[in-house]
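So the structure is just underneath, and the comments pick up after that.
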Amino acid sequence: MDFYSTIEKARKTGKIEKGINEVTKAVERGTAKLVVYAKDVEPKEIIQHIPAICKEKGIQCEEVDSKAKLGVAVGISVGCSSVAVLDLGEAKIDKKK
């Protein structure tokens, strides 16, 4: 599944939060429907807690290749470490089996 296009559509028709601090808050509050983080974030410690807290809260968490592409998907001109989708709008996601 192309999570970049899902995030871009959610940004345009729904609601997202971007950046590790906002994503962490959204997960802890239970308002995130989907979390996507970039695997090329350095240092890794910045994002290493995300999969664990998503699992604890039952929130789908996905890894993508590039923080630069994630930045483009959220509409900023710099890289983005992580994104939480709060409202999908017209976007669709596949639930993990």
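In the numbering used here, the protein residues as written are 5 to 101. Even glycine gets a Cβ: it sits at the ideal position worked out from N, Cα and C.
**Q.** Contacts around I11, its chain only, beta-carbon distance under 8 Å, and the 5 residues preceding and following it disregarded
**A.** Within the sequence shown, numbered from 1, the residue matching residue 11 stands at position 7. Short of 8 Å from the beta carbon of I11, and not among the five residues preceding or following it, lie these beta carbons of its own chain, in chain order: I20, V40, L74, A77, V78, V87, V89, A95.
**Q.** 8 Å contact criterion, which I54 and C65 should meet: CB distance rounded
**A.** The sequence position of residue 54 within the sequence shown is 50, counting from 1. The sequence position of residue 65 within the sequence shown is 61, counting from 1. Taking the Cβ atoms as the reference, I54 lies roughly 6 Å from C65, within the contact range of under 8 Å.
Q: Let me know if I50 comes out buried or exposed under the rule of 16 or more other beta-carbons within 10 Å of its beta-carbon.
A: One-based indexing of the sequence shown puts residue 50 at position 46. Result: exposed.
Q. For I54, which three-state DSSP category applies?
A. On the sequence shown, residue 54 is found 50 positions in, with the first residue counted as 1. I54 falls in the helix class under three-state DSSP.
Q. Alpha carbon to alpha carbon, what distance is there between G23 and G83?
A. As a working note, residue 83 is residue 79 in the sequence shown. As a working note, residue 23 is residue 19 in the sequence shown. Rounded to whole angstroms, G83 and G23 show a C-alpha spacing of 10 Å.
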